[in-house]
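S.K.: According to this note's numbering, the stretch in the sequence shown is residues 37 to 144, in order.
Virtual Cβ for every residue (Gly too), placed ideally from N, Cα, C.
Model, not experiment: these values are computed from the prediction.
The structure under discussion is supplied below as structure tokens; questions concerning it will follow.
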Amino acid sequence: MSNFTDYRDHADSNSKKFFKATLFQSPRILLGLNCLEPKQAQAVHTHDDQDKFYFVVAGEGEFQVGEEVQSAGPGITVWAPAGAEHGVTNRGSERLVLLVGIAPASEK
Numbered sequence: 037m038s039n040f041t042d043y044r045d046h047a048d049s050n051s052k053k054f055f056k057a058t059l060f061q062s063p064r065i066l067l068g069l070n071c072l073e074p075k076q077a078q079a080v081h082t083h084d085d086q087d088k089f090y091f092v093v094a095g096e097g098e099f100q101v102g103e104e105v106q107s108a109g110p111g112i113t114v115w116a117p118a119g120a121e122h123g124v125t126n127r128g129s130e131r132l133v134l135l136v137g138i139a140p141a142s143e144k
């Protein structure tokens with residue numbers, strides 16, 4: 037695997053649910069790409085022992101982190117600390133492209 041990649045080579049769609057691709061993965065971090073077509077959503081969920089971020093590459097999404105709900109567009113980073121409920125919905129008319137990073141699950 038190369039240490040360099042262009043996110044555009046990984047962006048795609050799925051008509052049934054949002055599209056996910058892994059860009060890089062190690063025991064210390066997973067870096068991925070999530071693509072949501074208009075009206076698609078990643079349901080609100082939690083990661084009890086993993087911090088996560090979304091970086092908006094393109095499009096605009098409505099993000100929920102805990103009780104906070106806010107729209108975010110290109111260049112905005114959304115942080116979801118471990119244990120916080122979080123999710124995103126594409127309420128726009130274009131594909132929402134997110135760079136996503138998540139810490140590995142702790143071994144118990």
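May I ask you to list the residues that DSSP assigns as paired with glycine 111?
M.R.: Locating residue 111 in the sequence shown gives position 75, where the first residue counts as 1. DSSP lists no partner for glycine 111.
S.K.: Here's a check: name, in chain order, each residue in its chain whose Cβ is nearer than 6 Å to the Cβ of glutamate 98, leaving out the five neighbours to either side.
M.R.: The count along the sequence shown starts at 1 and reaches residue 98 at position 62. Excluding sequence neighbours, glutamate 98 sits near Ser107, Thr125, Arg127.
S.K.: Using the beta-carbon count (16 or more within 10 Å), is histidine 122 buried or exposed?
M.R.: Position 86 of the sequence shown, counted from the start, is the residue given in the question as residue 122. Buried, since its Cβ has 16 or more Cβ neighbours within 10 Å.
S.K.: Below 7 Å between beta carbons: does that hold for lysine 88 and alanine 57?
M.R.: The count along the sequence shown starts at 1 and reaches residue 88 at position 52. The count along the sequence shown starts at 1 and reaches residue 57 at position 21. No, these two residues do not count as a Cβ contact at 7 Å.
S.K.: I'd like to confirm the pairing. Which residues does DSSP put opposite asparagine 70 in its beta bridges?
M.R.: Locating residue 70 in the sequence shown gives position 34, where the first residue counts as 1. Looking at the DSSP assignment, asparagine 70 forms a beta bridge with Lys56, Leu134.
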